[in-house]
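Read through the structure below, which is laid out as structure tokens, and then see the notes.
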Amino acid sequence: MNKIVSIVPLNKKEVKDTVISYFFYETGYGLAVIASTSKGICYVGFGEKEPMLNDLKKRYSGTALQKQKAALHKLALSFIKNERVSELPLHIAGTAFQLSVWKALLQIPVGKLSSYKAIAKAVNNPKAVRAVGSAIGDNPVSYIIPCHRVIRSDGGLGGYFWGLEIKKKMIEREAQTAEIEN
Numbered sequence: 134m135n136k137i138v139s140i141v142p143l144n145k146k147e148v149k150d151t152v153i154s155y156f157f158y159e160t161g162y163g164l165a166v167i168a169s170t171s172k173g174i175c176y177v178g179f180g181e182k183e184p185m186l187n188d189l190k191k192r193y194s195g196t197a198l199q200k201q202k203a204a205l206h207k208l209a210l211s212f213i214k215n216e217r218v219s220e221l222p223l224h225i226a227g228t229a230f231q232l233s234v235w236k237a238l239l240q241i242p243v244g245k246l247s248s249y250k251a252i253a254k255a256v257n258n259p260k261a262v263r264a265v266g267s268a269i270g271d272n273p274v275s276y277i278i279p280c281h282r283v284i285r286s287d288g289g290l291g292g293y294f295w296g297l298e299i300k301k302k303m304i305e306r307e308a309q310t311a312e313i314e315n
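Numbered by my numbering, the letters in the sequence shown go through residues 134 to 315 in order.
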């Protein structure tokens, strides 16, 4: 079972002094970009290079971006492969509400699914289902914070920033991993 030990918020004051290393990697879900600061992983995206890079630049405008591999990227790749990783620090920018939602997502076990409504209850704001959906959509570290494990209450997949085909593949692979572990 993967475990993330820490989420360190990236605050606005430190953005101008932050250097982000990013690189593109092949994964079981296609091409991914993984980015990190000196404190942790700050971004994971899937799909085509240009849209991923544009989203990274938009989310972290004001930082210095450098295309370069980093040791933390290897840990993130192991995590994405469902290999055991005892510590994977995240250094992410988000509001207090977003951070609470993302922490709630980390509680969903591998191979299990939750709903937007259940996450709203988990963050003690049961009427904030739409706000929870927005926070989930703004998750900067796809897969690592498992936004793909959240579906609609009616069983529909809902959306996924990187496309429903990738979301389906992630859910299926994790279900297989969970079966093997049980």
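Just so you know, even glycine gets a beta-carbon here, dropped at the ideal spot from N, CA and C.
Small disclaimer: the values here were computed from a predicted structure and weren't measured.
### Query
Are at least three pairs of beta-carbons, each pair with one atom in the stretch 188 to 202 and one in the stretch 296 to 304, less than 8 Å apart?
no
### Message
Can you confirm whether the stretch 217 to 237 touches the stretch 264 to 281 when touching is taken to mean that 3 or more C-beta pairs between the two stretches lie within less than 8 Å?
### Response
yes
### Message
Buried or exposed for R263, going by 16 or more other Cβ atoms inside 10 Å?
### Response
exposed
### Message
Along the chain, where does the beta strand (DSSP E) containing S169 start, and where does it finish?
### Response
163 to 169
### Query
Going by alpha carbons, who is nearest to Q309 out of R282, V243, V256, A255?
V243
### Message
Considering Cα atoms alone, identify which of G292, L223, T196, G195 is closest to L208.
### Response
L223
### Query
Using the rule of at least 16 other Cβ atoms within 10 Å of the residue's Cβ for burial, across every protein chain shown, is E220 buried or exposed?
exposed
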